[in-house]
Amino acid sequence: MLFEPLSLIFILILPFLTLAARPNNAILLSEVRTLTLRGNGAKTTSRRVSAIPQLKCISSKAVCDLYPIDVMRCTNQGSSYGTEDIEWSCSASLPEEFKLGSTDVICEGYSSPDDRYVLKGSCGV
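Residues -20 to -1, 1 to 105 in mature numbering (1 follows the signal peptide of the UniProt record, and there is no 0) are what the sequence shown lists, from first letter to last.
Here it is as structure tokens:
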């Protein structure tokens, strides 16, 4: 089987073009080991949708105002259903009488809501 020279060049550089197609600010969640999220109105980065607060308290306003969280660290605990369905363990410095409830990490899909790649800095809790 003979290839045209141009076809052969294309076949040889195709793997490099595929690698270059992923922008620098797109990442698989499975590659993220930890997230550091900040309170005090810090927003996520955004590309396709509006930025959201990095931290959002969903308790009553009285409880949320009593002890706002400055910094939360979430650690990747591996995947559950699929390689990009990550389980997160989150912690923050709180007084003894408080504890974190459910913490849901959400991130912006890079090209679409279902994109396996997410925008770096777009995650919030």
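Glycine residues also receive a C-beta, built at the ideal position from the N, C-alpha and C atoms.
Excluding five sequence positions before and after residue 35, the CB atoms of its chain that fall closer than 8 angstroms to its own CB belong to 17, 18, 19, 22, 49, 52, 104, 105, given in chain order. When only Cα atoms are considered, residue 69 and residue 45 end up about 23 angstroms apart.
Note: residue 54 is bridge-paired with 15, 70 in the DSSP secondary-structure output. The beta-bridge partner set that DSSP reports for residue 33 consists of 23.
Note that the C-beta distance between residue 101 and residue 5 is below 9 angstroms. Assigned with DSSP and collapsed to three states, residue 1 falls in coil, not helix or strand. Residue range 41 to 46 is occupied by the alpha helix (DSSP H) that includes residue 43. In terms of Cβ geometry, residue 25 and residue 33 do not form a close pair [threshold 9 angstroms]. Taking residue 54 as reference, the option from 31, 60, 12 with the minimal CA-CA separation is 12.
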